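Protein chains in written order, with this note's numbering: chain A, 1 to 150; chain B, 1001 to 1200. Even for Gly, the Cβ is constructed at its ideal location relative to N, Cα and C. Here the structure is a predicted model, which is why all the values come from computation and not from measurement. Everything on this sheet refers to the single structure shown next.
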Amino acid sequence: MKIVKIITIVLLVAFVGIQFIPTTRNQSDTVPSTDFMLVNNVPETIQKKLQVSCYDCHSNNTQYPWYNKIQPVAWFLEDHIKEGKAELNFNEWDSLSSRRKASKLRSIIKQIENGEMPLDSYTLIHSEATFTEAEAEELINFITQLKDSL
Amino acid sequence: MSKLKSTLGIVAIAFITLTVMSCKDNSKEQNSTDGDHSEMNHDNSDGHHDGEKREMAMGGDSNTQAVLNDYFNLKNALVGDDNGKAKELGATLATSLGNFDASQYNDTQQSELKDIVEDAVEHAEHISESDIAHQREHFKVLSKDVIDMVAITGAEMKLYEQFCPMYDGGTAWLSTKEEVRNPYYGSQMLKCGKVQREIN
């Protein structure tokens, strides 16, 4: 019984302890002129959808959930955002060459088609981020057009 | 007093646990970069000691040759439907692409090559961690990159640009042999495709 108590206390202390480890937060007030929405003529419905479904991890500004400051959630989020931005940052879209843009657009199409994005761990909490079939089709059509016009 | 002691002890244990945990993460990262290094060395030792041919007008340099060799190995793995081998070779190709040195080319060519390499590295990296269907999707774009690269650098050997009209609206790749072995379908449709261009 005593050992259980000790373990519980240790875990509790560890939990409190990790709250003091700082994380980098992905937040910015400015939208750079290279942003995907600014350089492309994106229909409003698609703009909204991208903002809700993609921009949290693929731009410089995350709309954090309320629990974002609680560890180890914050680490998890930080990690995903870092990885997401490395793969694709919509804010820096226009700094890519045509070749890179074509590659990224192709990946976006494939990932939406295969339901790989948004991640399940994201839609679990952000149910509004899920793509309905119609929304997916609309986005894929738009992205395909954009790719062909490059 | 003893209560205070045990609390202190617990805090200390928690702290140590945390420290150990974070150290573990660090060493893991270090290991993986070490891995990359050894792969890089391995690649260099793979040996294309034809540096003296570099400036030749006929085209093709040791850099390009290293990339092409790794590209063809990867292509053959895909022809053989070998997902695991393609993963390994994708990583190898990413490394040889990373080592690509464009300094002998003019400014326009350099920026074009840099762009090609950057794109190709990303596809090669994805190939190193995907299932075979994904590998083939990435190989399509990777092939375009390599074809564009060869258009600038040239190649030392004779190459065949082959084309399969069925895969994803029509897709090309490079081969050293004239007979078609399709990397996009493998055994499913091994001979689907045709030679659409000969290089050299």
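Local Cβ density within 10 Å of residue i, reported as buried at 16 or more and exposed below that
i	result
Ser103(A)	buried
Ala1066(B)	buried
Thr1108(B)	exposed
Ile112(A)	buried
Asp79(A)	exposed
Asn1063(B)	buried
Glu1029(B)	Any answer about Glu1029(B) is weak, because its pLDDT of 40 lies below 50 and its placement is not dependable; what the coordinates show is given next. It counts as exposed.
Phe90(A)	buried
Glu1156(B)	buried
Glu133(A)	exposed
Leu1089(B)	buried
Pro118(A)	buried
Proximity test, Cβ basis, 9 Å: residue i and chain A
i	result
Ile1127(B)	no
Asp1107(B)	no
Asp1119(B)	yes
Ile1132(B)	no
Glu1137(B)	yes
His1161(B)	Residue identity check: residue 1161(B) is Glu in the sequence provided, not His. No, its Cβ sits nowhere closer than 9 Å to a Cβ of chain A.
Val1141(B)	yes
Ser1116(B)	Ser is not the amino acid found at residue 1116(B); the sequence shown has Ile there. Yes, its Cβ sits closer than 9 Å to a Cβ of chain A.
Asp1145(B)	yes
Glu1122(B)	yes
Asn1044(B)	Bear in mind that a pLDDT of 42 at Asn1044(B), under 50, signals an unreliable position, so the number given afterwards is only what the model happens to contain. No, because no Cβ of chain A sits closer than 9 Å to the Cβ of Asn1044(B).
From the options, residue whose alpha carbon lies closest to that of residue i
i	options	result
Asn1200(B)	Leu1074(B), Leu1159(B), Lys1085(B)	Leu1159(B)
Ser97(A)	Ser1111(B), Glu1088(B), Leu1190(B), Leu1097(B)	Ser1111(B)
Asn1099(B)	Leu1068(B), Asp1081(B), Tyr1185(B)	Leu1068(B)
Glu138(A)	Ile18(A), Phe15(A), Thr45(A)	Thr45(A)
Ile1127(B)	Lys1085(B), Glu1118(B), Asn1182(B)	Lys1085(B)
Asp1148(B)	Ser1096(B), Asp1115(B), Asp1070(B)	Asp1115(B)
Val39(A)	Glu83(A), Asp120(A), Glu92(A), Pro118(A)	Glu92(A)
Val1141(B)	Thr132(A), Arg106(A), Met1(A)	Arg106(A)
Gly1169(B)	Glu1088(B), Gly1193(B), Asp1119(B), Gln1104(B)	Gly1193(B)
Ala1091(B)	Ala1124(B), Glu1178(B), Gly1154(B)	Ala1124(B)
Glu1178(B)	Tyr1105(B), Leu1097(B), Arg1197(B)	Arg1197(B)
Tyr1105(B)	Tyr1185(B), Val1195(B), Ala1151(B)	Ala1151(B)
Asp120(A)	Lys101(A), Thr144(A), Cys54(A), Tyr67(A)	Cys54(A)
Thr1171(B)	Lys1144(B), Met1189(B), Ser1187(B), Gly1154(B)	Lys1144(B)
Glu1161(B)	Leu1190(B), Val1195(B), Glu1122(B)	Val1195(B)
Ile109(A)	Arg99(A), Trp75(A), Ala136(A), Glu128(A)	Ala136(A)
For residue j and residue i, the rounded distance between their alpha carbons
i	j	result
Asn141(A)	Thr8(A)	54 Å
Asn114(A)	Val73(A)	27 Å
Thr1095(B)	Trp1173(B)	20 Å
Pro65(A)	Asn1182(B)	48 Å
Lys1166(B)	Leu50(A)	A small fix is needed here, since residue 1166(B) is Met in this sequence, not Lys. The straight-line gap from Cα to Cα measures roughly 32 Å.
Phe1163(B)	Asp1082(B)	21 Å
Phe36(A)	Leu124(A)	26 Å
Ser33(A)	Val42(A)	15 Å
Phe15(A)	Gln71(A)	8 Å
Asp1131(B)	Val1146(B)	22 Å
Lys1087(B)	Leu1093(B)	10 Å
Ser1175(B)	Asp1061(B)	18 Å
Ala1120(B)	Phe1139(B)	9 Å
Gly1080(B)	Asp1070(B)	15 Å
Lys69(A)	Gly84(A)	19 Å
Arg126(A)	Thr24(A)	Before going on, a small fix: residue 126(A) reads as His here, not Arg. The straight-line gap from Cα to Cα measures roughly 22 Å.
Ile18(A)	Val4(A)	21 Å
Asp148(A)	Lys101(A)	11 Å
Lys82(A)	Leu88(A)	10 Å
Gln145(A)	Val52(A)	22 Å
Asn86(A)	Gly1154(B)	Residue identity check: residue 86(A) is Ala in the sequence provided, not Asn. Whole-angstrom Cα-Cα distance: 32 Å.
Val10(A)	Leu77(A)	25 Å
Met1(A)	Phe20(A)	30 Å
Lys48(A)	Glu116(A)	20 Å
Cutoff 9 Å: residue i Cβ touching any chain B Cβ
i	result
Ala102(A)	yes
Arg106(A)	yes
Lys110(A)	yes
Ser95(A)	no
Phe142(A)	no
Arg99(A)	yes
Neighbour list for residue i in chain E, Cβ cutoff strictly below 7 Å
i	result
Ser149(A)	Here chain E cannot be found, since the structure's protein chains are A and B.
Okay, do the segment 22-30 of chain A and the segment 43-63 of chain A touch, 3+ Cβ pairs below 8 Å being the bar?
yes
Contact between the segment 1131-1140 of chain B and the segment 1068-1080 of chain B is defined here as three or more beta-carbon pairs at a separation below 8 Å; is this criterion met?
yes
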